[in-house]
Every structure is written in C-alpha cells, then in structure tokens.
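Number of protein chains: 2
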Amino acid sequence: MRFTSERRLDDGVLEREFTLGEIPGILWTPGPASASAPVPLILLGHQGGLKRMYPRLVARARHSAAEGFASAAIEMPGSGDRPRWADAEQARADLRRALDAGGPVGEEIIDRLILPLVDKVVPETRAALDALLALPEIGGPVGYSGGVIAIGVRLAVVEPRILAAGLFAGSFVPRATLEEARKVTIPLHVLLQWDDEENDRQAALNLFDAFGSKEKSLHANMGGHTGVPPWAGDAAGRFFVRHLRRPPATSGQPADTDSGR
Amino acid sequence: MRFTSERRLDDGVLEREFTLGEIPGILWTPGPASASAPVPLILLGHQGGLKRMYPRLVARARHSAAEGFASAAIEMPGSGDRPRWADAEQARADLRRALDAGGPVGEEIIDRLILPLVDKVVPETRAALDALLALPEIGGPVGYSGGVIAIGVRLAVVEPRILAAGLFAGSFVPRATLEEARKVTIPLHVLLQWDDEENDRQAALNLFDAFGSKEKSLHANMGGHTGVPPWAGDAAGRFFVRHLRRPPATSGQPADTDSGR
Numbered sequence: 001m002r003f004t005s006e007r008r009l010d011d012g013v014l015e016r017e018f019t020l021g022e023i024p025g026i027l028w029t030p031g032p033a034s035a036s037a038p039v040p041l042i043l044l045g046h047q048g049g050l051k052r053m054y055p056r057l058v059a060r061a062r063h064s065a066a067e068g069f070a071s072a073a074i075e076m077p078g079s080g081d082r083p084r085w086a087d088a089e090q091a092r093a094d095l096r097r098a099l100d101a102g103g104p105v106g107e108e109i110i111d112r113l114i115l116p117l118v119d120k121v122v123p124e125t126r127a128a129l130d131a132l133l134a135l136p137e138i139g140g141p142v143g144y145s146g147g148v149i150a151i152g153v154r155l156a157v158v159e160p161r162i163l164a165a166g167l168f169a170g171s172f173v174p175r176a177t178l179e180e181a182r183k184v185t186i187p188l189h190v191l192l193q194w195d196d197e198e199n200d201r202q203a204a205l206n207l208f209d210a211f212g213s214k215e216k217s218l219h220a221n222m223g224g225h226t227g228v229p230p231w232a233g234d235a236a237g238r239f240f241v242r243h244l245r246r247p248p249a250t251s252g253q254p255a256d257t258d259s260g261r
Numbered sequence: 001m002r003f004t005s006e007r008r009l010d011d012g013v014l015e016r017e018f019t020l021g022e023i024p025g026i027l028w029t030p031g032p033a034s035a036s037a038p039v040p041l042i043l044l045g046h047q048g049g050l051k052r053m054y055p056r057l058v059a060r061a062r063h064s065a066a067e068g069f070a071s072a073a074i075e076m077p078g079s080g081d082r083p084r085w086a087d088a089e090q091a092r093a094d095l096r097r098a099l100d101a102g103g104p105v106g107e108e109i110i111d112r113l114i115l116p117l118v119d120k121v122v123p124e125t126r127a128a129l130d131a132l133l134a135l136p137e138i139g140g141p142v143g144y145s146g147g148v149i150a151i152g153v154r155l156a157v158v159e160p161r162i163l164a165a166g167l168f169a170g171s172f173v174p175r176a177t178l179e180e181a182r183k184v185t186i187p188l189h190v191l192l193q194w195d196d197e198e199n200d201r202q203a204a205l206n207l208f209d210a211f212g213s214k215e216k217s218l219h220a221n222m223g224g225h226t227g228v229p230p231w232a233g234d235a236a237g238r239f240f241v242r243h244l245r246r247p248p249a250t251s252g253q254p255a256d257t258d259s260g261r
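From first to last, the protein sequence lines are chains A and B. Those letters in the first sequence? Residues 1 to 261, per the UniProt record's numbering, in order. Those letters in the second sequence? Residues 1 to 261, per the UniProt record's numbering, in order.
Structure (structure tokens):
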C-alpha cells in the first residue's frame, strides 16, 4: 500500500489517496479532535468509479469521521482508472437492454453481472483490509457499508473482521446470494428504497428474510434510487456507532441505547 | 375534562389522571426544564387497559417529555375500568380460537374485531384532543403513536390536527383499512416486527405500500411482538422531533436534519 496524496479537509479529516498494487483507493481518518487512535474502520462500498462517486463517498466519510471512525474505498474492477473489463461491460449492456425493454431481468444476466464482480472484489477488499489494519492509526473493529449487496453478503460470510454491515437493497440479487445470505450472522442494517423502479422489491424482502442474523433491521423509505432521506443515512450511522464504538459512549449521542423501553 | 390526580415524576414530568365523561385518561407534560409552553402533543395509542399498559406508556411519555412533548392516553372502550363490551370480547375470543387452531384468521373475524373499535375510539380520541388542546400548556402540533394500526389510519385520514403518525404494524388489518390507507397523506413512521408470529407480515407490507403519504418509512426489526429494540423506539422518537418540533432545533439532537447527504 502506497500513499500518493494527502490533504486535510476543512473539518480536520485527513484524506489520503493510495494504491494497493494496481488498485486505487482513498482513506479518510478523523481529525485529532474526534479520534482516539487506533480507530474503527468502515469499508465504503459503491457502484464503481471513485471519481464519479467521490462527492457521496466523502460525505459518508466525513459523517463517519465525526463519530471517530476511519473510512476507506477502493476502485471496483473495470471502473474508473482501472483496466476495462469486457465481460462486465457486456453484462451491463445486456442489463440496460433488458430494463429498457421493460421486462423482468433474467437470472442469467443478473448472475453474469454480479457473481464475477463478487469473486473479484471480495479478495481485493480483504487485501485492502490487511493493509489498512496494518496502519497504526487504524485498529478495527471493521464495518462494511453500502455498495453492491451481493458483495456485502459475501464479505459478511467470509471476512470475520467485519463485525457489522449496513447494506443497500438496491441492486440485483443472484439466487446464489439469496442462499449465501442464510450464512450471515453479523448485525445488519438494510436500507430499501421502496419505490425504486430499478429495484426488485420482492427480491429485496426475500433477501432480508433470508439473512441468518439475529439482529437485522430493514429501513424502507420513499424517494427513488438515489433519494435516501438524510435521516435514513443518520440512522445507518447510529447503527455503526452501536456496533463499532468499543468503549461505552460517555458523551456524544448515547440515545440509541439508553431507552427505557 | 376533569383532572382527578396529579403527581410529579422523578424526571420532572407532571402526570395527571383525568376523566373525559366516562373515559379515564392520563396526561403527561414535560418538566419546566425541557418545556417551552405551549408544547406539542403525542397521542399514545395502545391495546387497551391503561393500568396494565402503564409501564410502557409512561416510558414512552418520559421519552417524549425529554423532547419537549406532552403525551396523553385514554382508555379503550371495553377495557380497564370501562364497561365490558360483549361484542368485542366475543370477537377477541373468536380470534384467539382461530390463532390457537393455527389457521389463517378470517376476514370476518378481523372486521368484527377491529372496525367497531375504530368507529368508537376515533370520535373519543378527537373529543379528548379538543379538551387537551384547550389546556393552555398544550398547543400542538399533534402526533399519533402506536396502538391498533386501523385506528391510526382512520385518525390520520379524518383528524387534520394530527400532522404525523408513528404506527405499529402488529395488529390485524381489515380490508377497509387497506383501502382507507390510500387516503393518508401525513408523514408516517411504521414499525414492523418481522418475526412476529401473530402478525401477518404480508398484510403489513401491503398496508405500508398502500399509504398515500409522500414521506413514509418502514422499520422492520427482529424480536417478536413485544421485542421492539430500543434503538427502533428512539428512531420513532426522532421522527416526531422532525415533524412536531416547531422552532428549528438550536440545541439538543439536531442530527436528523443536519446531514450533508
């Protein structure tokens, strides 16, 4: 892992770009005021294209930094500055064609779109995790947030350092992922955009039902694919505070655990 | 409306029992430290039996008082100290028999159980609202929280003083309520216990889908009928803060509205 740039954001967050082999990534760590190193880490999933996703990623990272968490994102295979990936592009084109035709998207397309991505991204993410946890300022525990839900499911099953996951039920779900979901046992916070036209709501509900986790909660909101309301994002943040902040909170926002009910 | 008792709880909340005609009720108002009168009001729905429900009601009321809200609950017809209601008892017995038999509960039983209750409780609640809003210390706006969901739906449709509702999707839903839900337009926060054996999950999802509200969110959690996790209750509290607290929050917990996302 090699840091290639470093800058301090206005709220004190340290933003560093890095490369891990051929994979670009960004690490955000909290400013001195909000951190007591080593800090927990949230891996930020996304749809690919770090530069395009940057505004949303940095907003999530700043929010997490305010809670004392580091955040990191790595580029997806075939996206951004990484080499093109012909098979993935073909699968995306086939998906777009199926959606434009207004019909249901066949399982074969979903499998071809998602499963090779999962098989590539998960080992890359785990390698990034090795490198990130080797930094003295990052100590874990680790959370996974957002991105392609099938990636989150696989990571939750195979990566024991990830203790909690906030997932976005907005992407296509291969049948294999539905089966894999039964093996997930970590706490889950699942966001679902109820009226997302590109989202198969019943598939999302089936996936939520399948998760083996004893603590799982589903948060469905209106507003379309990119219209997650701010309070829903804040609720996801509180989920990570509950599960990743190790010492009992003695200041800040303990409201999530002090209810008498 | 006649107050029959008054006591100050340890957190400064003033608890007053009252009668409205034949109907007993309880009003909780925030202590001087957390209130700037007149305060908003949350009507607390419940399943009937004020004395039996008291521990949960007072916990909800204390929580709301800490946000600067008054809360009130009135006894349900046929429950607690109110006269028995033979038809309702018969419907409850029929429901219990259907549940014990393990079969689906027929629409006829659900209608007989719920619809007469809605027709009685809603005018009583509106009369209580008239009396409560006439008190100088209560100014509105008004929220409705919990209880039998069909009552919440009817109130949301017919009572314009109710600006937001937090509903518990744990009770039986008559077909007429599903139709009525399309007329609801106020913001809704709906709790669903995903693995509640006495709850028809699909009926709850259909009801959530039917609501006409532009802002509606569904929060599904594990833990059975009475196992709503504390963080879910807190999220419901933040929903009311967003919708009932009139002046922009300058202190306290503004986290639900200040996200940059």
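C-beta atoms are modelled at their ideal positions from N, C-alpha and C, and glycine is treated no differently. Note that the structure is predicted; figures quoted are calculated from it, not measured.
Determine, using beta carbons only, whether residue i comes closer than 7 Å to chain A.
i	result
B/L27	no
B/H225	no
B/K120	no
B/A164	no
B/A235	yes
B/R8	no
According to DSSP, is residue i helix, strand or coil?
i	result
A/I149	helix
A/A66	helix
A/T125	helix
B/A101	coil
A/I42	strand
B/P24	strand
B/F18	strand
A/G233	helix
A/P254	Reliability of the predicted coordinates at A/P254 is poor, the pLDDT of 37 falling under 50, and no value is obtained from them.
A/P55	helix
A/V241	helix
A/E137	coil
A/Q90	helix
B/E6	strand
A/L220	Reading off the sequence shown, one finds Ala at residue 220 of chain A, where the question assumed Leu. The answer is strand: DSSP assigns A/A220 an E or B state.
A/I110	helix
B/V158	helix
A/V13	coil
A/V228	coil
B/A164	strand
Exposed or buried, what is residue i when buried is set at 16 or more other beta-carbons lying within 10 Å of its beta-carbon?
i	result
A/A150	buried
A/N199	buried
A/G103	exposed
A/S5	exposed
A/K214	exposed
A/V39	buried
B/T226	exposed
A/Q202	exposed
B/E67	buried
B/A86	exposed
B/P123	exposed
A/N221	buried
A/P83	exposed
B/A165	buried
A/V158	exposed
A/A146	According to the sequence as given, residue 146 of chain A is Gly; it is not Ala. Classification of A/G146: buried, given that the 10 Å Cβ count is 16 or more.
B/P55	exposed
Within the 7 Å Cβ cut-off, does residue i reach chain B?
i	result
A/A128	no
A/H243	no
A/G260	Caution is warranted here: a pLDDT of 31 is assigned to A/G260, below 50, making its placement in the model unreliable, and the coordinate value is therefore given only provisionally. So, interface residue.
A/S217	yes
A/D256	Low local confidence applies: a pLDDT of 34 at A/D256 is under 50, so the model's placement there is unreliable, with the coordinate-based value given in what follows. At least one chain B Cβ lies under 7 Å of A/D256.
A/N221	yes
Since residue i contacts residue j with CB under 8 Å, what's their CB separation in whole angstroms?
i	j	result
B/W28	B/S71	5 Å
B/V142	B/E180	B/V142 to B/E180, Cβ: 19 Å. No contact.
B/G212	B/R182	5 Å
B/L132	B/L244	Their Cβ separation, rounded to whole angstroms, is 14 Å, which puts B/L132 and B/L244 out of contact at 8 Å.
A/H219	B/H219	6 Å
Candidates the options: which alpha carbon is nearest residue i's?
i	options	result
A/R161	A/D130, A/G146, A/A65, A/L167	A/D130
B/R2	B/L99, B/L135, B/R60	B/L135
B/G170	B/I110, B/L191, B/V105	B/L191
B/E137	B/P55, B/P32, B/K214	B/P32
A/V173	A/F239, A/G68, A/G139, A/E108	A/E108
B/G237	B/S64, B/D81, B/D196, B/V118	B/S64
B/K51	B/A37, B/E75, B/L44	B/E75
A/G106	A/R16, A/T185, A/R175	A/R175
A/L117	A/K216, A/D196, A/A91	A/A91
Just checking residue i against the ligand ADP - is the residue's beta carbon closer than 6 Å to any of the ligand's heavy atoms?
i	result
A/V105	By its list of ligands, the structure shown contains no ligand whatsoever, and the ligand ADP lies outside what it can speak to.
Answer with yes or no whether the minimum CB distance from residue i to chain E is below 7 Å.
i	result
B/M53	In the displayed structure, chain E is absent; the protein chains listed are A and B.
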